[in-house]
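Order-wise, the sequence lines are chains L and D.
Here our numbering is used: the first residue of the first sequence is 612, the next is one more, and so on.
Here our numbering is used: the first residue of the second sequence is 4, the next is one more, and so on.
Every residue, glycine too, gets a C-beta built ideally from N, C-alpha and C.
Computed from a predicted structure; not experimentally measured.
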Amino acid sequence: MAGRLSDLILAATNSPGKELEEPLLKAIKALVRASDDNVKAAADLLMDRLGKNHSQVRLLALLLIDQLFTRSKLFRGQIVAVLEKFMVLCLGHRTDQPLPAPADRAALLKAKALEIVERWNETFGPHYKELQLGYEYLKFTLRLDFPGVREAANRAEEEKNARDRRTQDLLRCRLLQLTENFPGLRRDLESTMSQLEECFAILSEEEEVVQDEDGFLEVDKDEEDSSEVFGIQSLRSMRDQEELMVTESRDNEAIFDMARDLLKLVTTRHLPAAQEWLSVLMRVDPEDRQSRDALMKEVIDLRNRLVVLKDKCQELGIVEVAKSKTTTDDDVEWEEEEIFDRSKLDGPRHKLEQEREREREREREQGGEIRKSSSPQATATGTASSSNATMSELKQKLFEEAPVLPWGSFLDAWGSDAAVPANNRGLVLDNHWGRVDPDALISTEKMAEMQVRASYYQPLKSELRPCSAPLRNGGLCQRRDLRKCPLHGTIIPRDDRGNPLEEKRAVEAKGKEKAAVSPAALAAQAVRNVRGRDEAKRKQNKLLRQSQARTDRQHNEAVLRTAALAHDTQTIEAGLERKSLDEETPKKRKGGLSAMLRKKETPKDRIARRLLRGRAVDAMVANIARDEDAKYRESFPNQW
Amino acid sequence: MPPGRVYGVAPMWSGLRERELGAPPWRYAASVRRMRSHALELCKTKDVISSGRGAVNSLQIDPVEARYMLAGNGNGSISVYDISQPTTVEHYSQKHEALFSIDKAHRYSVSSVRWYPVDTGIFISGSFDKHINVWDANTLEVLMQFKMPGKVFGVSMSPVSTTHMLIATGTEDYRIRLCDISSGAFTHTLSAHRDAVWAVKWSASSEWILISGGCDGAIRLWDIRRAGCFYVLDQHRSSASQEAKTSKDATPGRVHPGLTSALDRSTAHYGTVTSLQTSRDGHYLLSAEHNVPGSDSRVKLWDIERGCNTLVNYEATNINGNLTCELEVSGDKPLVFVPCLTSIQVYDMLSGRLLSTLKGHYELVKCCAYHSQSQELYSGSNDRRILVWSPEQSVSEDEALGTIAAQVQADEDNWSD
C-alpha cells in the first residue's frame, strides 16, 4: 500500500508540467483517503519530495500538499507540525536555503506558495494558530508580497458600492428636480401634442375628399381589366395606405409647416427628454417607491403618445424640415435603388409594381413637387452625370495608360511650354555687378533642363521564393533567402513536394550520356555503386537498431508507469485516461527534469566557445603583442 | 493514550477518588496543576499583541499579583501587558494589548527587565546603552539611573529580601555592582570573575546570597555580608564524587572563603554562562551555557546546598542566543523551559527527560515566563512576537471556536472526491 503510494507520489512529482496530472492526482487522493496511515505516509513522503533539490519537484509537491491539505484534517495536523520547514522549502526566505535550480519554476513555486499560505490562513487560520503565526511572520516580519486576493476583492466591492451610492445620490437629485418640474413640462408636452392632433384633424378632413376622388378612379380601372381582379384589389389596398399621404398644396401649406415645426420639437426635444426621464426613473432607488411608479407610468404614457404622434406624422409624409434639406440627394438615390430592387421581382407582381411606379411618377408630375425635397439641383446633377459618363470612359482609359510618378518639383510646370520670367519675384533687384534685365526669360528648353525629373534608384522588388526543401516533420522549409538557405544549401526550384526539379533533369541528361562511356569508367562506377549500397545498408541497420532501442525504452517506461498506477480503482475504471497518459508521456519525457536544470546553450555560448578556445586566444594575444611591438619600433626607431 | 497527554500524568478524575477518601485538597490541586503544565500547547484564544518593533529580549510576570507582564524589547522600548484582562474580545480570541509602552526607554536594546519584588509600582531595566533605569510604573518616569561601565546583560532583585533593596547587575565589566535603590549609589563591587558577567541571580532562599555566571564559565556564589565569593561551582564535582569523598573524610564543613587557588579557578561550564535560574524552593540552580565553538551548549542542574553538579542530562539542548536567554522553572514537580533556537524545550527538572518541544516562533526564542497560577507560558522571540502557551483547551472552548466563528470553515475532513 505504502509502496504504491510512494510510487504514485513519485510519478506525480516527477513530471515537467506546471500542473498535476489529473488521473494521478485522483489515484493519490483515493489512496490517501483510504486510511489514516496513508495520510501520514503521504505527508512524510511529500515533505521529503519538497526537500528535493529541484524547484519543479517542489512545485508539484506543493500543489499536491495543497490538494490534500484542504481535504484531510489529519494531513493538516501533519503539515502544520512542520510548517516552518515547509515555508523554508517553498519560499526560500532563508538566505542559507534558497530555492533550487530552474529559476522560472522557483519563481512560480514562490508565488504559488504565497498564494496557498494566504488561502490556508484564511480558511484554517482560526483553527491552526501556527498557520496564523507563520502567515503573520511572513507578512509583517519578512514583508513578503502576498497576492491579497480577498483584500483586492473586498476593495473592488467597496469601490463599486461607493460608485453606486454616488450615482444613486445623483439620480435622487434628478428625480427631485423632475418631480418639481414635471407639471410644467407636462403642460408643454400636452400643448404640443394637442396642436399636432389639431393639425392632423384638419388634414384628415382634406384627405377624405382626396380619397373619394381616388375611389372613382379605381372603379373605372376595375372595369377596364377584370382579368387581374385579385392583383388589382391588393394593389388598391396597398395604394390606400400609400395615399394616406396628403399632398401638400398651397391651401394647406401653413398647416404642413406648422406640423413640421411641431414634429421637429417632438423629435428633438420632447422625445429625448422623455427617454431621459424614463432612464432616471428606472435606475433610481428612491425612498418612496409608489410616487416613483406613478410618475413613471405617466412618463411612459406621455412617451407612447409622442411615439404614436410621430408615427402618424411619418404616415402623413411630414418630414422634419432641417433633416429633409440636408438629405435631399440621399432620398432620391434611395428611391432609385428601391425601384431597381423591385424591378428584379418577377411575374405579374413585378408588372404591377412597375405600373404603380409609373403612376406615381405621373402623379408627381401632375402635382408638381410633392415634397420640398425634389429640388431643381437634382435634375441638373442628373444631366451632368450623363454627360460625364462618356468623359469618364475616356478618362478611365487614359488613367490606365498614365504612368504613376512620385511627387516632385518637376510636376509644377508639367506640360507647360511657356517661357518663364527669370525674375519672378515682382521686385526690382539691383545687382552690384551691373544692370539687371527685369524682363529676362528663361527659355523652355532651359526650364525643361532645370526641371528634369530626378528619382532615386529603387531596385525592382522581386519576391524571394521559399527554400521549400522537405523537412522532417513533413512540411517544407519556409525560409526565404536570396540565394542560399543556411540549412538546405543553394535554393533551387523544387516541386510542391520538395523534390528538386533540376536533379531530375540532370539525371535524365546523365542517362542520355551514359550511352557513351568507357568500360573502365563503368567498372569504377560499379565499385562505387556496390560501396554505396553497402554504406546505405549499414546506415539502415544502425537506424533500425536505434529505433528498436527507443521503442524498448518507451515500452519499459510505460510498463513502470502502469505498475505505479495499477491496482487502484480509479485508474482501472478509467482505462482510457491511462492510455492517453501513456501515450503522451514519452513526448514529455524528452524535456525531463534534468534537462530543466541544464543551462540552455545560447548563441553567445557557441560564439564564446569558438572565440575563447585556447589557441584562438593565444593567437590573438600574440597578434596584439606583435602589433604593439611593431608600433613601438616605428615610433622609436633608434632607441635601445 | 490520547495524543498530547504526557506519559506518567494521571488523568484528572483519578485524583477525585483520592480526595473523597480524605487526601488533602492541595494534593489534588497540585496534581491538576501538574497535569495542566504538562500539556502546554500554543494557545488559540489568547493573543498578546506585542507592541514593540524589536525583538523581545526579556519577560517577567510580576510576582505580586501575577497579572502584569513586563517586556523589554530590542528597540529600546519597554511595555507592560495585562495578561489576565483582555483589552478586546473578538468572537473567541482575547487580545491583550500593551497597557503602556515606553518608547525610547533606552537608546539601545533593553537586555533585562525586572519588577520590584514587593509591589508593581517600580520596575527596573538594564540595557546595552550602559544604563540601568529604575522606573515608576504609575508615572512612567525614570526615578533613578545608574551609569554602568559597560553594557548591562542582566539585572536581578532578591525576591525574599526584607532588609535591602539592591539591584545586582551583570555587565561587560568583570565586576559585579550592587545598586541600592534607597540611596541611589553602588554599595558593593564584587570582583572575582575574569570576564564579563552575563547572568546574576539572587538566591531564592537567602536574601544575602547572590549567584553570578560569566563569560569565563564560572558560577560564583557570594554572601554580600562578607568579602569575596564564598564558593565556586565546579562541573567536575558531582554529587556522586562528593558522596565518596564525604564517606572518606568525616569533616564536611564549608571551604574557607579565602579559597584555595585551585578551587577559585574551577569552572561550571566550558562556554559562557548565559542564564541562571533557581528553583522555587531555592534548592537547585540551573545554568545555561552559550554555544561556543568547541563546546556544546547544555543546561546543568546544581545542588546549591551541597555545591555540586547533579549530573542531570538535559538531552539535546542547543542554545544559540547571542544574548542572554532566560530559563524558567515551574511548579512543585518542576519543569524547565529552555529556549532552544526557534523552539522551547520542556524538561522534567529532576530527571532531565524531554517532555515536549513547543514550536511556534520563527526566529530565536530569547526568553520565557511561566505563569504558575494559570499554568501558562509566555515566550518572547527575535521575531517580535510574544506567544502564549496554555494547557490543552477543554472541549467547550473548542466547540465555541467552531460555533461562534461560523464564517470560518469548520476544521473537518472534506473529501469531495
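field: Segment contact flag, the stretch 1242 to 1250 of chain L with the stretch 743 to 758 of chain L, C-beta cutoff 8 Å, min 3 pairs
entry: no
- request: In angstroms with no decimal places, state the Cα-to-Cα distance between L:K663 and L:L616.
  value: 18 Å
query: So with Cβ pairs under 8 Å, would you call L:Y746 a contact of chain D?
result: no
task: Give me the Cα-Cα distance between L:L702 and D:F103, rounded to the nearest whole angstrom.
output: 36 Å
task: For the stretch 363 to 393 of chain D, enumerate the residues whose C-beta is nearer than 9 Å to any C-beta of chain L, in chain order.
output: G363, H364, Y365, E366, D386, R387, R388 and L390
query: So the alpha helix (DSSP H) L:Q1069 belongs to, where does it begin and stop?
result: Run containing L:Q1069: none; DSSP gives neither H nor E here.
query: Out of curiosity, what's the CA-to-CA distance linking D:T270 and D:V200?
result: 14 Å
query: Run through DSSP, which three-state label would D:Q148 get?
result: strand
query: So, using beta-carbon positions, are D:W205 and D:P152 closer together than 8 Å?
result: no
field: Start-to-end residues for the alpha helix (DSSP H) that takes in L:C701
entry: L694 to L702
field: Per-residue burial, D:A195 [other beta carbons within 10 Å of its own, 16 or more giving buried]
entry: buried
message: Just to confirm my understanding: we take D:E316, look at its own chain, exclude 5 residues before and 5 after, and list those with CB closer than 7 Å. What are they?
response: Looking at the sequence itself, residue 316 of chain D is Asn, so the reference to Glu does not match. For D:N316, where only same-chain residues beyond five positions count, the Cβ hits under 7 Å are G355.
- request: Out of L:K696, L:L874 and L:P1111, point me to the one whose CA is closest to D:Y365's CA.
  value: L:K696
- prompt: Which whole-angstrom value describes the C-beta separation of D:G383 and D:A74, a residue pair presumed to lie in contact below a C-beta threshold of 8 Å?
  reply: 6 Å
query: Which word fits D:Y119, buried or exposed, when buried means at least 16 other C-beta atoms lie within 10 angstroms of its C-beta?
result: buried
message: Residues of the stretch 26 to 58 of chain D in Cβ contact with chain L at a cutoff of 8 Å, in chain order, please.
response: L45, C46 and K47
- request: Return the Cβ separation of D:K369 and D:N385 in integer angstroms, given the expectation that the two are a contact with Cβ distance under 8 Å.
  value: 6 Å
message: Between which two residues does the alpha helix (DSSP H) holding L:L734 run?
response: This sequence places Thr at residue 734 of chain L; Leu is not what is there. Counting along the chain, the alpha helix (DSSP H) containing L:T734 begins and ends at A714 to F735.
query: Considering only the beta carbon of each residue, do D:M147 and D:V158 sit closer than 8 Å?
result: no
task: Would you mind working out which of D:I52, D:M168 and D:V349 sits nearest D:D122, comparing C-alpha positions?
output: D:M168
- request: With DSSP collapsed to three states, give me the class of L:G795.
  value: helix
Terminal residues of the beta strand (DSSP E) in which D:N60 lies: V59 to I64
- request: My understanding is that L:A767 touches L:C810, with C-beta atoms under 8 Å, so please give their C-beta distance in whole angstroms.
  value: That pair is no contact at about 55 Å.
- prompt: Is the CB-CB distance between D:S208 and D:N312 below 8 Å?
  reply: no
message: Please report whether the beta-carbon of L:K740 lies at a distance below 8 Å from any beta-carbon of chain D.
response: yes
task: Please confirm if the stretch 751 to 764 of chain L is in contact with the stretch 775 to 787 of chain L, defined as three or more CB-CB distances below 8 Å between the two stretches.
output: no
- prompt: Would a check of beta-carbon distances place D:T345 closer than 8 Å to chain L?
  reply: yes
- request: For L:I1235, count neighbouring C-beta atoms within 10 Å of its own C-beta (all shown protein chains included) and say buried if the count is 16 or more, exposed if not.
  value: exposed
query: So what's D:D139 in DSSP terms, helix, strand or just coil?
result: strand
query: Are the stretch 122 to 135 of chain D and the stretch 104 to 111 of chain D touching, with three or more C-beta to C-beta distances below 8 Å?
result: yes
message: Please identify, using Cβ separations under 7 Å, the residues of the stretch 656 to 685 of chain L that lie next to chain D, in order along the chain.
response: T681, R682, S683 and K684
- prompt: Just checking my contact of L:L913 with L:L800 at CB under 8 Å: how many whole Å lie between their CB atoms?
  reply: 6 Å
Between the CA atoms of L:I620 and L:Q1165 - distance to the nearest angstrom: 21 Å
message: Measuring straight from C-alpha to C-alpha, what distance separates D:L358 and D:G187?
response: 45 Å
- prompt: Hey, L:L694 and L:T624 are a contact pair by Cβ (cut 8 Å); roughly how many whole angstroms apart?
  reply: Actually they are not in contact, since the Cβ atoms of L:L694 and L:T624 sit about 20 Å apart, beyond 8 Å.
query: Apart from the five residues on each side of it in sequence, which residues of its chain come closer than 6 Å, Cβ to Cβ, to D:D237?
result: S269
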